[in-house]
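Everything on this sheet refers to the single structure shown next.
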Amino acid sequence: MATVTSGEVTAPATADEVLTVDGLSKRFGDRTAVDGVSFTVAPGETYGLLGPNGAGKTTTIRLVCGLLHPDGGRCSIAGRAVSTSAVEAKELVGYVPQEVALYPDLTAAENLRFFGRLYRLGGRRLRARVGEVLELVGLADRADDKVESFSGGMKRRLNIGAGLLHAPRLLVLDEPTVGVDPQSRHAIMDSIQGLGATGTAVLYTTHYMEEAERLCDRVGIMDHGRLVAEGTRRGLVAQLGELDRITLTATGDLQRLAERCRALPGIAGADLKDGQVLLLAHDGRRLLPAVLAAAESAETELRSVEVVEPDLEAVFLHLTGTALRE
Numbered sequence: 001m002a003t004v005t006s007g008e009v010t011a012p013a014t015a016d017e018v019l020t021v022d023g024l025s026k027r028f029g030d031r032t033a034v035d036g037v038s039f040t041v042a043p044g045e046t047y048g049l050l051g052p053n054g055a056g057k058t059t060t061i062r063l064v065c066g067l068l069h070p071d072g073g074r075c076s077i078a079g080r081a082v083s084t085s086a087v088e089a090k091e092l093v094g095y096v097p098q099e100v101a102l103y104p105d106l107t108a109a110e111n112l113r114f115f116g117r118l119y120r121l122g123g124r125r126l127r128a129r130v131g132e133v134l135e136l137v138g139l140a141d142r143a144d145d146k147v148e149s150f151s152g153g154m155k156r157r158l159n160i161g162a163g164l165l166h167a168p169r170l171l172v173l174d175e176p177t178v179g180v181d182p183q184s185r186h187a188i189m190d191s192i193q194g195l196g197a198t199g200t201a202v203l204y205t206t207h208y209m210e211e212a213e214r215l216c217d218r219v220g221i222m223d224h225g226r227l228v229a230e231g232t233r234r235g236l237v238a239q240l241g242e243l244d245r246i247t248l249t250a251t252g253d254l255q256r257l258a259e260r261c262r263a264l265p266g267i268a269g270a271d272l273k274d275g276q277v278l279l280l281a282h283d284g285r286r287l288l289p290a291v292l293a294a295a296e297s298a299e300t301e302l303r304s305v306e307v308v309e310p311d312l313e314a315v316f317l318h319l320t321g322t323a324l325r326e
């Protein structure tokens, strides 16, 4: 795995990775859309690619899927080199684009059977995969309904199912929840979360930070064509020096409570504000037993304890200077 860093990120390849991206670059005229991007995705891992509009995410995905020829660098899937003509590598990829690519006048099962035949599946194997995929995306009860009767969220779930039919080693999802209702978003995310147990590697782009928080084992943040940071959410936050915030609502001598908490290892600050004790902490949840003991020793009675951990939004704003949806 790549080490969490800021600035340029490099990701050394290993034999265990499903996807290895090494120094990919792509130019369109005078504009460099992708500039030396490197990362890896392991079996069963969901890797989130985040960045503001124009950061190079979609171009990176097209390079990974062999839809564009890179100007520099290389990419491989399960050890097979990716190129625009590399059929062997492309067979290992399930690509789900932003636009729904289904036939509305066919049923859900008919759509999947059609795409399955494109993947050279047939007979008993195809019938089994159609049933398995419909179960996975929660549409088994709508197998014989025409897609034109589906909601936007159901169409997107079936779209993901089409990308999973041939049991790809790598599933590439480009903004799979854009324009769907919250209930459908949760259903889509539930389906994606289940893929880790199958060993499928997932490359995921999204405009919703909460999706990255929930789904992604690691994230790579792109800006101006470069991968400027990579790691787990906790690792990225720790790298930037962000601290957890603990708010204590209590009765008694709050000044004494603040002093006792301030003396605890791992507490970086303790202040009083609006009748509450506000703490800054490294790994706040781990420190809660010590904070509770400090409250008892200060002879105060806690009414509530709230821990707020810094999130990817703060990291993203720090690194790119913009909100994800801009």
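Going letter by letter, the sequence shown gives residues 1 to 326 in full-length UniProt numbering. Don't be surprised by glycine CBs; every beta carbon is placed ideally from N, CA and C.
Asked: Proximity below 9 Å, CB of LEU63 to CB of VAL18; Found: no
Asked: Completely contained alpha helix (DSSP H) runs for the region 219 to 264, where each covers 4 or more residues; Found: 233 to 239 and 254 to 262
Asked: Limits of the beta strand (DSSP E) - the one that VAL34 falls within; Found: 31 to 41
Asked: Exposure label - PRO289; buried when at least 16 CB within 10 Å; Found: exposed
Asked: Run of the alpha helix (DSSP H) containing THR205, from where it starts to where it stops; Found: No alpha helix (DSSP H) contains THR205, which is instead part of the beta strand (DSSP E) from 201 to 205.
Asked: Residues that ARG80 bridges to, as DSSP identifies them; Found: ILE77
Asked: Contact check, SER25 vs THR32, beta carbons under 9 Å; Found: yes
Asked: Cutoff 6 Å; reference PRO310; Cβ partners in own chain excluding five residues on either side; Found: VAL237 and GLU242
Asked: Where ALA86 falls: helix, strand or coil (DSSP); Found: coil
Asked: Whole-Å CB distance - VAL291 paired with ILE246, under 8 Å assumed; Found: 7 Å
Asked: Residue closest to LEU118, alpha-carbon to alpha-carbon, out of LEU164, ALA78 and ALA143; Found: LEU164
Asked: Per-residue DSSP class, three states only, for ASP141; Found: helix
Asked: Identified DSSP bridge partners for ILE267; Found: ALA281
Asked: Of the residues ARG286, ALA258, SER297 and ALA293, the one placed nearest LEU279, counting alpha carbons only; Found: ALA258
Asked: ILE160 versus THR251: straight-line alpha-carbon distance, rounded; Found: 53 Å
Asked: C-beta contact flag for LEU139 and ARG125 at 9 Å; Found: no
Asked: CB contact flag (THR84, ASP223, <9 Å); Found: no
Asked: Sub-9 Å separation of SER184 and SER151 beta-carbons; Found: yes
Asked: Start and end residues, alpha helix (DSSP H) containing PHE28; Found: No alpha helix (DSSP H) holds PHE28; the beta strand (DSSP E) holding it covers 19 to 28.
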